[in-house]
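In the UniProt record's numbering, the protein residues as written are 1 to 284. For each residue, glycine too, the CB sits at the ideal point set by N, CA and C. Following: one structure in C-alpha cells, then a few remarks.
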C-alpha cells in the first residue's frame, strides 16, 4: 500500500524529466534529476555521458495507458545525449611527460653551466639526457597528434551521432504515426467485424423468422389440403346420396303413379258397384 504512491510519483517524475530533456536538446541544459530515486539513478543514462537505448513494450489489451506510453516513447526518441571520450589517462601522461621534460631541461642547463668543470661522464650523461628529452618530446608530439585525432574522431562521431539521432527521431515519429494508423485500422477492423456480426445476427434472425413463416404456411397448406380432401370426399358422398335419393324418388314416384292408378281404378269400380246396387234397389 505504501509503495503505490511512491511508484506513481516516480513515474510522474520520470515523465516530466523526459519531457524536459526532449524540450532542451542543447548540451548546456540544466536539468534537475533529484525529483525521485528513479530519475537520480538514470542521471547518466538520460542526458549524461552515456549512449542509451530505450526499449518500449506495448500491451494490446492495455488501451488506457497506451497514449501515455506512446507520448513518452516519442519524447525519449527526441532526447539527445552528448557522450565524451574519457581521456583523463592521456592527459595525466601528458602532464607527467611535461614535468619530466622540464626536469630534463633544468638538468641540461645545470650540466651546460658546469661543462668546463665537469668530466666526460657528465658530458655523456648530458647527452643521454638530451636524447631522452628529444625522445620524450617526440612522444609528446605523437600523443598530441593522437589526442587531436581522437578529438577529430570524437567530433565526427558526435556529428554522426547527431545525424543518427535526428534520423532516429524521424523514424520514431514515423513509427508512432504508423502505430497510431495501425491502431486506427485495428479499431476500424473491429468496428467492421462487430457490424458484420450484427448484420449476420440480423440475417440469421430474419432467416429464422422466414423459416418459421414458411413452416407455418406449409402447415396451413397441409391443413387446407386436408380440408379440401375432406370436402371432396364429403362432396362425393353427398353426390352419391343425392343419386340414391333421386333413384328412390323416381321409384317412389313410379310407385305413387301405380298406386294412384290403382286407386282410380278402385274408385271407378266402386262407383260402378254403387250404381249397380242403386239400380238393383230401384228394381226391387
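For residue 25, there is no enclosing alpha helix (DSSP H), as DSSP gives it neither H nor E. The three-state secondary structure of residue 48, taken from DSSP, is coil.
In this structure, residue 17 keeps its C-beta atom at 8 Å or more from the C-beta atom of residue 52. Residue environment for residue 36: buried (at least 16 other C-beta atoms within 10 angstroms of its C-beta). With a contact defined as Cβ atoms closer than 8 Å, residue 21 and residue 54 miss out at about 12 Å. By the 16-neighbour rule on beta-carbons within 10 angstroms, residue 186 is exposed.
Rounded to the nearest whole angstrom, the CA to CA distance from residue 109 to residue 134 is 15 Å. DSSP places residue 80 outside any alpha helix (DSSP H), giving it a letter other than H or E. Counting only residues of its own chain and dropping the five nearest sequence neighbours on each side, residue 10 has a CB closer than 6 Å to the CB of 36 and 38. In the structure shown, the three-state DSSP call for residue 30 is coil. About 54 Å separates the beta carbons of residue 15 and residue 101, which is beyond the 8 Å limit, so they are not a contact pair.
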